[in-house]
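In the working numbering, the protein residues as written are 66 to 202.
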């Protein structure tokens with residue numbers, strides 16, 4: 066479980082449990098994900114955070130990165146949002162954040178773009194600000 070204050074409890078992304086305790090890099094990645102989510106919540110105040118890619122699918126390896134989709138209402142330019150997120154993260158694993166406003170994400174989902182469909186199909190919600198539960202993602 067990712068325990069971030071102000072969040073709704075969410076299950077951790079799937080991992081292959083038989084290998085989880087025998088491979089220290091799995092623990093390192095899970096700890097980095099939890100720390101990054103906490104840092105983003107504290108320093109960026111998102112509405113939602115999803116993990117996608119290998120961590121969400123459970124096929125991580127020693128050199129995996131952390132792919133995050135962050136939803137936040139903001140007037141900042143797309144690349145500035147990514148920079149803002151990277152500024153608040155300090156973990157020993159590469160993190161690749163994407164930040165969309167709720168309207169942008171809804172529009173991209175309606176347009177059925179391949180990338181967005183893939184991300185949302187495999188995405189696991191790891192943080193949701195209290196009060197957002199009734200909104201659709």
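Glycine included, C-beta positions come from ideal geometry on N, C-alpha and C.
Spatial neighbours of residue i within its chain, please: C-beta separation below 6 Å, excluding the five flanking residues on both sides.
| i | result |
| --- | --- |
| residue 278 | Given that the chain is displayed from residue 66 to residue 202, the structure contains no residue 278 and the question cannot be resolved. |
| residue 109 | 150, 153 |
| residue 118 | 132 |
| residue 148 | none |
| residue 138 | 166 |
Under the rule that 16 or more other beta-carbon atoms within 10 Å means buried, what is residue i, buried or exposed?
| i | result |
| --- | --- |
| residue 146 | buried |
| residue 143 | exposed |
| residue 194 | buried |
| residue 97 | buried |
| residue 91 | buried |
| residue 196 | exposed |
| residue 81 | Confidence at residue 81 is low in this model, with a pLDDT of 46, below 50, so its placement is unreliable and the value that follows should be read with caution. By the neighbour-count rule (16 or more Cβ atoms within 10 Å), residue 81 is not buried but exposed. |
Can you name, in chain order, every residue of its own chain whose Cβ lies under 8 Å from the Cβ of residue i, other than the five neighbours on each side?
| i | result |
| --- | --- |
| residue 94 | 120, 125, 129, 131, 158 |
What do you reckon, are the CB atoms on residue i and residue j nearer than 8 Å?
| i | j | result |
| --- | --- | --- |
| residue 106 | residue 192 | yes |
| residue 136 | residue 112 | yes |
| residue 169 | residue 122 | no |
Hey, residue i and residue j are a contact pair by Cβ (cut 8 Å); roughly how many whole angstroms apart?
| i | j | result |
| --- | --- | --- |
| residue 181 | residue 173 | 4 Å |
| residue 163 | residue 134 | 5 Å |
Under 7 Å Cβ to Cβ from residue i, same chain only, skipping five residues before and after it: list those, please.
| i | result |
| --- | --- |
| residue 127 | 90 |
Fully enclosed by the stretch 158–182, which alpha helix (DSSP H) runs are 4 residues long or longer? 167–175
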